[in-house]
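Here is the structure we will look at, set down as structure tokens.
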Amino acid sequence: MRIPELTLPASMASLLGRLPATPPCWALVTTLNQLKKRDILPADMSLLAGHSFEVHVQDAGLRLGFSADEENFKVASVGDTPDLRLSANLADFARMMLREEDPDTLFFNRKLIIEGDTELGLIVKNLLDSVDWSSTPLQRFMAV
Amino acid sequence: MPATRPLPELVCPAGSLPALKAAVDNGADTVYLGLKNDTNARNFAGLNFDDRTAREGIRYAHQHERKVLLAINTYAQGGDISRWHRAIDEGADLGVDAIILADIGLMEYARRRYPELRLHMSVQSSATNYEAINLAQELFDIRRAVLPRVLTLDQVKQVIDHTRVEIEVFGFGSLCVMVEGRCLLSSYATGESPNSHGVCSPAKFVRWEHGSQALGARLNGILIDEYQQGEPAGYPTLCKGRFEVEGDTYYALEEPTSLNVMAMLPQIIDIGVAAIKVEGRQRSPAYVAQVTRTLREALDAAGREPQRFSVKPGWTQALSKLAEGQQQTLGAYNRPWK
Ligand code: SF4
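Chains A and B, in that order, are what the protein sequence lines are.
UniProt numbering puts the first residue of the first sequence at 1, with every later residue one more than the last.
UniProt numbering puts the first residue of the second sequence at 1, with every later residue one more than the last.
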């Protein structure tokens, strides 16, 4: 499965941008916590605890803010300067998650923007890379 | 050209279990990995293997009849070198196929404690001539040496012709030009360097500044580079920055290019290189999969018909997308130096 080169229309961003971000954010946080609980996401929470994060889906106009403590991820309002902000278009986030594209490649190509604490960014990138999808039912969606 | 030479081993990087599996699945003969501490030269937060993932990775590779190398390629520091000794003990216990070492003190320890353990000499040892390599063989029974990315193909051949130690060369990835292990740039800017802390230009010193015009990359306050809108960015390593020298701003030390030896594969096979290494334990499984798959295809093609070998545009395309700076070079291999 390859993700087509696609950018959401601007109208979508302005529409989605006006909806409350809480439901998608809640879904993201719940997914992260579930993956962590099942040991699929091998997160060392001590490296993430006390930090705030924002995933900015540019073409959807979505900003998903969350934070972490020693146990879990939580929905949080992160203000203007989260400790780490990752911004990209939806298709590029999907490519990254499905391992079609290397985050470094997207970064070199200026399609992924990393703002804030660079080391925290590296921790998050390496965490996502270390998820072994082959041990999950999602395996067949993966490019590698 | 006699086609009797065995194909060099394709040695691929693994910074995580999925990357290791990607390397194996896409045709690596050998994978190399490091432990989660400063005993290896890619000591990045969240990267590398703990005991559980190392065991699982080694099991996976061996099940597919591939080899696993453990890189313990930093220099044991200061008062407490027990961490490095423990890493060697752990490697022996895990049952890796070889350990890659840079520090001769550690070579001595490994040889004395584990006479059966196969030892490779790391690129961080900076051995660029056969005398150094042969001495390491005499003293510690080193079986393979990884050459720094500064030798020409003729010089590599010189080394191979004068040693019984297997020779491994770099085939693809980011370049480090300063005769690996002897560079002081990272220490100068941050106090931490590949040999001492296992990392060049550590992330905790890196700041990206998102200006309205350009993206600025700073390493411990030092401006390394500025990228205009749409201009490809690179790692903020000091040697690849653009600096102002006598009124000119340019890549004063090295351009941010990636090494790619694909065009030279027939010659590399012909001079008897034992293994070709891919750089990038810090990169993602997607990178490892794409590079491994491409080089596997190219290497097999060069082995089958060395005379008629030519680089397929598809290979170049696949690799250039992944390359730092999106430019590729044959590096020192094809320099005219003698
Ligand atoms: S600054 Fe450049 S040459 Fe020096 S160790 Fe780092 S990558 Fe190598």
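Idealized CB from N, CA, C, for every residue including glycine.
| Asked | Found |
| --- | --- |
| Is B/K277 buried or exposed, if buried means 16 or more other CB atoms sit within 10 Å of its CB? | buried |
| For the ligand SF4, which residues have a Cβ under 6 angstroms from at least one heavy atom, in chain order? | B/C176, B/V177, B/M178, B/C183, B/L185, B/S186, B/P194, B/C200, B/T237, B/L238, B/C239 |
| Pull up the DSSP beta-bridge partners for B/Y32, would you. | B/P13, B/L69 |
| Whole angstroms is fine: what's the gap from A/K25's alpha carbon to A/F66's? | According to the sequence as given, residue 25 of chain A is Cys; it is not Lys. Taking the straight line joining both Cα atoms gives about 8 angstroms. |
| Between the stretch 269-290 of chain B and chain A, which residues of the former have CB atoms less than 7 angstroms from a CB of the latter, in chain order? | R283, S284, P285, A286, Y287, A289 |
| Output needed in chain order: residues of the stretch 222-242 of chain B with a Cβ under 7 angstroms from some Cβ in chain A. | G230, P232, A233, G234 |
| Could you tell me the distance, in whole angstroms, from the CA atom of B/Y60 to the CA atom of B/P18? | 11 angstroms |
| Given this structure, state the Cα-to-Cα distance separating B/Y287 from A/I123, to the nearest angstrom. | 18 angstroms |
| Pull the bridge partners of B/T329 from the DSSP assignment, please. | B/L259 |
| Does B/L33 come within less than 8 angstroms of chain A when only Cβ atoms are used? | no |
| Near B/I58, what residues of its chain come up, given a Cβ to Cβ distance below 7 angstroms and the 5 sequence neighbours on each side ignored? | V68, L94, G95, V96 |
| Assign A/F73 to one of three DSSP states: helix, strand, or coil. | strand |
| Do we get a CB-CB distance below 8 angstroms when we pair A/F93 with the residues of chain B? | no |
| Using the C-alpha atoms, what's the distance from B/L151 back to B/T128? | 7 angstroms |
| Please list the terminal residues of the continuous alpha helix (DSSP H) segment that includes A/W133. | Taken as a continuous stretch (DSSP letters only), A/W133 belongs to no alpha helix (DSSP H), as it is neither H nor E. |
| DSSP on B/V96, reduced to helix/strand/coil? | coil |
| Can you list the residues of chain B that A/D101 reaches, using a CB-CB cut of under 8 angstroms? | Note that residue 101 of chain A corresponds to Glu in the displayed sequence, not to Asp. Correct list: A286. |
| Would you verify that the beta carbon of A/L122 is, or is not, closer than 8 angstroms to some beta carbon of chain B? | yes |
| Could you give the distance in angstroms between the alpha-carbon of B/T257 and the alpha-carbon of B/A263? | 16 angstroms |
| According to the Cβ coordinates, are A/R99 and B/P232 closer than 8 angstroms? | no |
| Compare the C-beta of B/R42 against all C-beta atoms of chain A and say whether one is closer than 8 angstroms. | no |
| Please confirm if B/L322 has its CB atom under 8 angstroms from at least one CB of chain A. | yes |
| For the structure I just gave you, are there three or more beta carbon pairs, one from the stretch 157-173 of chain B and one from the stretch 201-214 of chain B, closer than 8 angstroms? | no |
| Kindly list, in the order they appear in chain A, the residues whose Cβ is closer than 7 angstroms to that of B/A203. | T118, E119, L122 |
| For B/S82, which of helix, strand or coil comes out of DSSP? | helix |
| So, is the C-beta of A/R110 closer than 8 angstroms to a C-beta in chain B? | yes |
| Can you tell me whether DSSP reads B/E246 as helix, strand or coil? | coil |
| Buried or exposed for B/R182, please, with buried defined as at least 16 other CB atoms from any protein chain shown within 10 angstroms of its CB. | exposed |
| Measuring only from the beta carbon, is A/E54 closer than 7 angstroms to any heavy atom that is part of the ligand GDP? | Among the ligands modelled here, namely the ligand SF4, the ligand GDP does not occur. |
| Give the straight-line distance between the Cα atoms of A/L28 and B/I88, rounded to the nearest whole angstrom. | 41 angstroms |
| Can you check whether the CB of B/S122 is closer than 8 angstroms to the CB of B/A71? | yes |
| Going along the stretch 191-220 of chain B in order, which residues come within less than 7 angstroms of chain A, judged by CB to CB distance? | A203, K204, V206, R207, W208, H210 |
| Rounding to the nearest angstrom, what Cα-Cα distance links A/M96 and B/E90 in this structure? | 33 angstroms |
| Quick one: which residues of the stretch 4-32 of chain B get their C-beta closer than 9 angstroms to a C-beta of chain A? List them in chain order. | G15, S16, L17, P18, A19, K21, A22, D25, N26 |
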